[in-house]
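Numbering (UniProt numbering), first residue to last: 1 to 320.
Before any comments, here is the structure.
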């Protein structure tokens, strides 16, 4: 009975939660294709890849539950490693790699293509997916969990630790760049075009808070998985938690994409709110550049488009 509580029961509950989260991934994918039909092709391909991988991962979770709940129901030997488990971990590594790579591209764009800023994250992301593949390969080569735990369990711990470090680096770097943009380019923009706009600061604050929340959610889940793996390596409680990691990454990625329209609208309203109090000629110049550079952009955040508009129009100060 203890095995069903701490092993098979944990796998069952974790699988149910993972399937629940997978439903949100599908819902957000449908929403994305309905709202962002004119988005760039490479983003659409990435969304499709993440969605298909998530569905495949859900199928593997169902297969693992069948193997443990039905096939191994009367099995009394050491807990076996079925092929679906290393396959699940491989898919999780791929989804994590794709999502983090997209975030890295955002950081590179937001930092004005400062390669030195994102290079450590790129290397860590590559090492993380390599560690994930290595863990999966070692699991696939073993038949029971004690054998994997004793000989190569450390590799799985390295994989989880690297994931935590990646989440922290991505979130902290993005927050730092957002704060720089909040206090830098917007102040420069308001000097030349508009009076102070607390509304736009609120937009940037919302993006910063959203970034922190997403980073914390995936980081906390990964840390819990790591702690449970190190403290209870002889049961499958860690696996039930690990099931949800891929779903959380996929959901955070899609939620970030689907939030752009709302942020664009808030940025537009913040600009229009200050229009009656600013010089009409300055605001018309700003509005034209804002609409051209941002409202038609496919993958840029509001602050990046406003920053580019400010830079392109800064040479017109004397004419104004």
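The beta carbon of each residue, even a glycine, is placed where N, CA and C say it ideally should be.
Check: Opening and closing residue of the alpha helix (DSSP H) in which residue 40 lies; Outcome: Taken as a continuous stretch (DSSP letters only), residue 40 belongs to no alpha helix (DSSP H), as it is neither H nor E.
Check: Inter-residue Cα distance where the pair is residue 159 and residue 61; Outcome: 20 Å
Check: Classification of residue 154 by the beta-carbon crowding that lies within 10 angstroms, buried from 16 upward; Outcome: exposed
Check: In DSSP terms, what residue 144 is bridged to; Outcome: 80
Check: Inter-stretch contact (C-beta, 8 Å, three-pair minimum) for the region 79-97 and the region 133-152; Outcome: yes
Check: Buried/exposed call for residue 215, threshold 16 Cβ in 10 Å; Outcome: buried
Check: Among 39, 32 and 162, nearest to residue 225 - alpha-carbon criterion; Outcome: 162
Check: Any 3 or more C-beta pairs closer than 8 Å across the region 25-37 and the region 71-83; Outcome: no
Check: Proximity of residue 121 and residue 104 at Cβ, strictly below 8 Å; Outcome: yes
Check: Given 8 Å, three or more beta-carbon pairs between the region 103-117 and the region 36-54; Outcome: no
Check: Nearest-angstrom beta carbon gap, residue 143 and residue 324 [assumed within contact, 8 Å]; Outcome: Any property of residue 324 remains undetermined from this structure, which presents the chain solely from 1 to 320.
Check: Buried versus exposed call for residue 262 [16 or more other C-beta atoms within 10 Å across all chains shown]; Outcome: exposed
Check: Residue 170 versus residue 222 - alpha carbon distance; Outcome: 15 Å
Check: Straight-line Cα distance separating residue 42 from residue 118; Outcome: 20 Å
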